[in-house]
Amino acid sequence: MKTFKTVSLIVIIIGAINWGLIGLFDFNLVGFLFDNISVVLSRIIYSVVGIFGILSLILLFVPDDEFEYTHHRYKKELE
1 MKTFKTVSLI
11 VIIIGAINWG
21 LIGLFDFNLV
31 GFLFDNISVV
41 LSRIIYSVVG
51 IFGILSLILL
61 FVPDDEFEYT
71 HHRYKKELE
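Take a look at the structure:
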């Protein structure tokens, strides 16, 4: 699960940077890199970013085992 969260975060950060570039400079990085190669490849990349974004919404509601373990250990040290 940790690997999935890491990959998901990386893909979402790439998507966010692309949207930031579009908003600030009207420059589409994914389109720039992959439109000349293949329009289909660009659409696949956009789809993957969207899918990871939706799956990350689900991860918001899944408890993080590492956080809970650290939290409980810290709580016991305080007692």
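Numbering-wise, the numbering used here puts 68 at position 68 of the sequence shown, and it's gapless, one number per residue.
For each residue, glycine too, the CB sits at the ideal point set by N, CA and C.
- Remark: three or more beta-carbon pairs, one from each stretch, lie closer than 8 Å, so the segment 14-32 and the segment 46-65 are flagged as touching.
- Shortest Cα-Cα distance from residue 34 to any of 44, 25, 53 involves 44.
- Rounded to whole angstroms, the separation of the alpha carbons of residue 28 and residue 42 is 11 Å.
- Shown here, residue 29 sits in a helix according to DSSP, grouped into three states.
- For the set 25, 24, 39, the Cα lying nearest the Cα of residue 31 is the one of 39.
- When secondary structure is reduced to three states using DSSP, residue 36 falls in the coil class, being assigned neither helix nor strand.
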